Amino acid sequence: MKFGIVVSEGPYTHQASDSAYNFVKAALAKGHEVARVFFYHDGVNVGTRLSVPPQDDRQIQEQWTALAKEHDLDLVICIAAAQRRGLLDQNEADRQGKDANNIAEGFRISGLGQLIEMGIQCDRTITFGD
Amino acid sequence: MSEVKKFLYVNRKAPYGTIYAQESLEVVLIGAAFDQDVSMAFLDDGVFQLTKGQDTKEAGLKNFSPTFRALGDYEVTKLYVEQESLDERGLTLDDLQDIQYEDEDDDYAEKPSIIVVSRAGMADVMADQDVVLSF
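So the sequence lines, in the order shown, correspond to chains A and B. Numbered per our numbering, the first sequence spans residues 129 to 258. Numbered per our numbering, the second sequence spans residues 75 to 209.
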């Protein structure tokens with residue numbers, strides 16, 4: 129089955145991104161396809177490479193980056209939600225005149241159209257949120 | 075993309091206090107460009123999103139409630155509102171904005187977009203969808 133995943137809550141405050149991660153891993157292990165993971169609302173904060181969680185805790189962003197690398201996952205951060213919350217890639221930083229970018233490897237910033245397209249193309253769209 | 079799917083946007087939160095309602099509306103407006111069969115559902119505190127007379131000036135927040143009246147222009151014409159959620163909050167249809175759309179199949183007659191359904195009816199609406207996005 130082809131899954132599309134929505135993550136709509138931020139890391140650590142909510143378990144949503146952990147549950148999504150576990151689901152995606154399990155689905156891939158069962159031979160399913162995960163066409164895209166779309167990060168929306170505070171979920172976009174999963175994609176910052178500047179988070180430094182305690183060493184004895186899970187490293188949520190690094191987990192996603194590693195999983196994306198292993199399975200060639202498409203991790204998409206919503207641009208509108210990201211701009212509000214200070215998530216920028218170099219392109220956006222240049223365009224908005226900001227002095228830094230903070231997107232982690234394996235993530236890309238794109239529009240809400242990617243969420244709708246995912247819903248159209250996938251057999252199931254599953255939201256992990258509150 | 076010729077495939078048309080039934081999309082339902084489920085709104086469960088009050089319009090202010092959190093950003094869910096506002097960012098849900100942003101998805102609906104962008105999604106309209108994809109020519110899908112779109113419905114919206116309002117339940118729990120989500121029914122407050124449609125109330126008339128919203129004034130956010132003192133709170134310093136953007137009042138996005140007029141956008142609901144423009145949804146018809148985006149061919150979003152089915153706004154399902156759960157009766158029990160209204161009842162539990164002391165609201166009636168009269169407390170909600172008068173949201174209409176022009177029916178192009180009926181000489182552009184103005185028709186109400188809001189459809190009040192029971193909780194059981196809302197379950198049927200949800201079961202009928204291909205994609206349910208919950209906010």
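The beta carbon of each residue, even a glycine, is placed where N, CA and C say it ideally should be. Bear in mind the structure is a predicted one, so any value in this text is a computation, not a measurement.
Query	Result
Beta-carbon proximity of I207 of chain A to G105 of chain B, cut-off 8 Å	no
A115 of chain B, DSSP secondary structure in three states	strand
Residue-level contact to chain B via CB, G214 of chain A, 8 Å cutoff	no
Beta-carbon gap between Y140 of chain A and P182 of chain A smaller than 8 Å	no
Cα-Cα separation, F108 of chain B to E77 of chain B	10 Å
Any C-beta of chain A under 8 Å from that of I188 of chain B	no
Straight-line Cα distance separating Q191 of chain A from D198 of chain B	38 Å
Opening and closing residue of the beta strand (DSSP E) in which I231 of chain A lies	Premise fails: I231 of chain A is in no beta strand (DSSP E) and is neither H nor E.
Cβ-based contacts, 9 Å cut-off: residues of the segment 152-181 of chain A near chain B	Y168, H169, D170
At least three beta-carbon pairs within less than 8 Å, the segment 130-140 of chain B to the segment 150-161 of chain B	no
Three-way DSSP call (helix, strand, coil) for E184 of chain B in this model	strand
Where S192 of chain B falls: helix, strand or coil (DSSP)	coil
CB of L124 of chain B within 8 Å of CB of Q171 of chain B, strictly	yes
Three-way DSSP call (helix, strand, coil) for E163 of chain A in this model	Checking the displayed sequence, the identity of residue 163 of chain A turns out to be Ala instead of Glu. Strand, per DSSP.
8 Å Cβ cutoff met for I248 of chain A and I133 of chain A	no
Proximal residues of chain A, C-beta to C-beta of Q110 of chain B below 9 Å	I244, G247, I248
CA-to-CA distance, F256 of chain A to L76 of chain A, given in whole angstroms	Outside the shown range of chain A, which is 129 to 258, sits residue 76 of chain A, and nothing can be said about it.
C-alpha distance - A210 of chain A paired with N173 of chain A, whole-angstrom precision	8 Å
Min CB distance E132 of chain B to chain A below 8 Å	no
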